[in-house]
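First the structure, in the form of structure tokens, and then the observations on it.
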Amino acid sequence: MKKTLTLLLTLLAIHVSQAQPGPGFMLKGDIVNFQRPAMVYLLIASGAGFDVVDSVMSKDGEVLFVADTIPVTGQYSLFWEDNYFLPLIINKEKYIQFRADNLEPDMAVESVSSRENEVYYLLQNFEYEIDSLSAIGDKYYASGKKDLLAKVKMQLSIKVAQLGTAVDSLSVLYPDLFALKIYKSSIPPDFDEFNLQFPDNGFENESDFLARHYFDNIDKTDSCLVNTHVLYDACSFYLRNLVEEGTTENYIKACDFIMSSFSQNNAQYNYVLDLLLNTFESEGFEDVYLHLFDLYMHGSSCEGGIPSEAERKALSIRNLKKGTVAPELIAKNREGKEVSLAGFKGEKVVLMFWASDCSHCEEAIPHVIELMKKYPNVVLLSFSLDEDENAWISGVFRLDLPEPSVSDLKGYDGLNAIRWCVWGTPSFFVIDQNGKIIAKPLTLQALEDAL
3 MKKTLTLLLT
13 LLAIHVSQAQ
23 PGPGFMLKGD
33 IVNFQRPAMV
43 YLLIASGAGF
53 DVVDSVMSKD
63 GEVLFVADTI
73 PVTGQYSLFW
83 EDNYFLPLII
93 NKEKYIQFRA
103 DNLEPDMAVE
113 SVSSRENEVY
123 YLLQNFEYEI
133 DSLSAIGDKY
143 YASGKKDLLA
153 KVKMQLSIKV
163 AQLGTAVDSL
173 SVLYPDLFAL
183 KIYKSSIPPD
193 FDEFNLQFPD
203 NGFENESDFL
213 ARHYFDNIDK
223 TDSCLVNTHV
233 LYDACSFYLR
243 NLVEEGTTEN
253 YIKACDFIMS
263 SFSQNNAQYN
273 YVLDLLLNTF
283 ESEGFEDVYL
293 HLFDLYMHGS
303 SCEGGIPSEA
313 ERKALSIRNL
323 KKGTVAPELI
333 AKNREGKEVS
343 LAGFKGEKVV
353 LMFWASDCSH
363 CEEAIPHVIE
373 LMKKYPNVVL
383 LSFSLDEDEN
393 AWISGVFRLD
403 LPEPSVSDLK
413 GYDGLNAIRW
423 CVWGTPSFFV
433 IDQNGKIIAK
443 PLTLQALEDA
453 L
């Protein structure tokens with residue numbers, strides 16, 4: 003095992019010595035067996051997914067990204083043809099070169115001129131082998147093949163030990179590698195090791211231990227971890243697996259612990275707060291959202307200012323509850339005639355906020371119009387958040403929106419959008435004949451149920 007690891011580290015040194023430093027930044031690659039010309043995207047980790055950083059058209063698998071400065075440190079990926087991913091790390095290296103095979107499982111990288119990525123792929127290969135052995139072991143367990151299962155368990159323990167040795171050795175040689183930091187951050191603390199070090203710790207089982215120590219291996223001072231999946235994965239796992247019951251009270255306690263765990267670094271603090279706010283808003287845990295907003299959200303708009311997205315969500319929860327009187331909405335139709343929500347009192351109204359450049363609106367509105375045909379006595383009042391009159395009117399014609407269709411051409415900063423706490427489109431409200439809000443549907447099915 004030691005000889006194998008020494009050889010791997012030697013190869014790392016040889017490959018890295020071939021790097022070609024120069025001004026700015028260059029990412030150069032050759033993807034063999036490239037099937038057809040395709041756009042290749044450079045993505046950076048964001049939440050559970052990625053955001054686009056740059057793109058280049060490749061005819062035969064040659065890839066070249068050039069920039070004046072080195073991109074921010076983080077977890078990146080090359081992506082093409084909707085299903086090919088090649089992960090990589092960018093961390094202060096001016097020049098990264100790789101060769102990969104489009105037909106190889108897991109997009110195995112053959113060579114890299116980057117110490118960060120040599121280590122990253124080395125660790126990934128260990129993980130692929132461990133995952134493969136685990137899958138084989140699961141099959142043997144399910145089929146009752148105990149002898150074969152025992153052999154796989156032995157192979158698995160050897161491979162895990164090799165990985166641990168590799169990580170320890172690499173950490174001594176290259177303590178500042180971001181790839182190692184990502185890997186270590188993804189491993190939860192070891193309960194057995196903790197018991198040996200602190201025998202009178204008071205934890206009855208591993209779950210209790212992890213509930214208080216799950217984030218221990220994450221570097222709480224490194225802002226660059228917001229450009230990886232580390233924080234998202236850790237917080238998501240904690241909420242799914244280490245909260246005893248999915249109640250408002252338990253989630254509030256969990257959120258307080260998570261926020262206290264990431265309070266040392268402003269970037270991590272803001273990232274985690276935003277993640278928790280979005281999670282509990284989308285899941286309908288309004289009291290958890292308000293707790294997070296009231297206790298941890300700093301810098302809300304002052305009196306008379308333009309409220310932020312998070313503040314609008316909080317105001318919507320508080321002020322636009324089911325059963326409350328709907329705020330007034332006054333705007334003009336495309337003929338310049340003033341239309342008010344109060345003018346429809348005595349009729350049930352579906353109020354829809356939309357925008358001509360909203361792709362989700364483009365998908366949803368035809369279904370909304372079709373749905374409204376089943377309810378001819380219900381008014382569909384559409385309010386555009388466009389600030390350009392031509393964009394609004396062309397959108398009305400393109401989507402065949404019926405009257406009344408109105409706008410104040412002031413976007414999200416207008417009085418109507420602020421009154422209704424609008425933070426995204428499309429947004430729907432159902433108002434009854436007495437002018438009270440009876441639903442804030444998030445889906446088309448919920449909208450139909452409200453009608």
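Throughout, this note's numbering is defined as the position within the sequence shown, counted from one, plus 2.
Backbone N, C-alpha and C fix where the C-beta goes; we use that ideal spot for every residue, glycine too.
- Query: Based on the DSSP secondary-structure assignment, which residues constitute the bridge partners of E356?
  - Reply: Mapped onto the sequence shown, residue 356 falls at position 354. Per the sequence shown, the amino acid found at residue 356 is Trp instead of Glu. Looking at the DSSP assignment, W356 forms a beta bridge with S386.
### Message
For I189, count the other beta carbons within 10 Å of its own beta carbon; 16 or more makes it buried, fewer makes it exposed. Which is it?
### Response
Sequence index remark: in the sequence shown, residue 189 carries index 187 (1-based). Answer is exposed; the Cβ neighbour count stays below 16.
(request) Assign G76 to one of three DSSP states: helix, strand, or coil. (result) Residue numbering aside, residue 76 sits at position 74 when the sequence shown is read from its first letter. If DSSP states are grouped into helix, strand and coil, G76 belongs with the strands.
> Taking the beta strand (DSSP E) that F52 falls in, what are its first and last residues?
Replying inline: For the purposes of this step, residue 52 is taken as residue 50 along the sequence shown, with counting starting at 1. Where F52 is concerned, the enclosing beta strand (DSSP E) stretches over G51 to S60.
Review point. So is M41 buried or exposed if we call it buried at 16+ other beta carbons inside 10 Å?
Key: As a position in the sequence shown, residue 41 is number 39, starting the count at 1. Exposed, since its Cβ has fewer than 16 Cβ neighbours within 10 Å.
Review point. According to the Cβ coordinates, are Q266 and S225 closer than 8 Å?
Key: Here the question's residue 266 lines up with position 264 in the sequence shown. Here the question's residue 225 lines up with position 223 in the sequence shown. Against a cut-off of 8 Å, the Cβ pair of S225 and Q266 comes out as no contact.
Secondary structure, alpha helix (DSSP H): runs of 4+ residues fully inside the region 100-160:
117-145
Please identify the residue among P404, N335 and E285 whose C-alpha is closest to the C-alpha of T445.
Along the sequence shown, one-based indexing puts residue 445 at 443. That would be E285, whose Cα lies nearest to the Cα of T445.
Report task. Out of A357, K412, S60 and S79, point me to the one whose CA is closest to P39's CA. Result -> The sequence position of residue 39 within the sequence shown is 37, counting from 1. Measuring from the Cα of P39, the nearest candidate turns out to be S60.
Start and end residues, beta strand (DSSP E) containing G31: The residue given as residue 31 occupies position 29 in the sequence shown. Per DSSP, G31 belongs to the beta strand (DSSP E) from F27 to V34.
Cα-Cα separation, S303 to L198: Position 301 of the sequence shown, counted from the first residue, corresponds to residue 303. Position 196 of the sequence shown, counted from the first residue, corresponds to residue 198. In this prediction, S303 has a pLDDT of 47, which is less than 50 and means its spatial position is unreliable; what the coordinates show is noted afterwards. So the two alpha carbons sit approximately 50 Å from each other.
Beta strand (DSSP E) containing F67: first to last residue?
For the purposes of this step, residue 67 is taken as residue 65 along the sequence shown, with counting starting at 1. E64 to A69 is the extent of the beta strand (DSSP E) around F67.
Determine the DSSP secondary structure at M41, reduced to helix, strand or coil.
As a first step, residue 41 must be located in the sequence shown, where it is residue number 39. The answer is strand: DSSP assigns M41 an E or B state.
*asked:* Counting beta carbon pairs with one atom in the region 276-290 and one in the region 374-392, are three or more of them shorter than 8 Å?
replied: no
Check your understanding: Taking the alpha-carbon positions, what's the R421 to L278 distance?
Key -> As a first step, residue 421 is located in the sequence shown; it is residue number 419 there, counting from the start. As a first step, residue 278 is located in the sequence shown; it is residue number 276 there, counting from the start. Whole-angstrom Cα-Cα distance: 25 Å.
Quiz item: What whole-angstrom Cβ distance do L66 and K94 have, given they're in contact under 8 Å?
Solution: Looking up residue 66 in the sequence shown gives position 64. Looking up residue 94 in the sequence shown gives position 92. 20 Å between Cβ atoms; not a contact.
Quiz item: By Cβ distance below 8 Å, which residues in the same chain neighbour Y176 in space, the five residues on each side in sequence not counted?
Solution: For the purposes of this step, residue 176 is taken as the residue at position 174 of the sequence shown. Contacts found: R117, V121 and L182.
Contact defined as beta carbons within less than 8 Å: I believe L158 pairs with S187. What is the distance between those atoms, to the nearest angstrom? In the sequence shown, counting from the first residue as 1, residue 158 sits at position 156. In the sequence shown, counting from the first residue as 1, residue 187 sits at position 185. Actually they are not in contact, since the Cβ atoms of L158 and S187 sit about 23 Å apart, beyond 8 Å.
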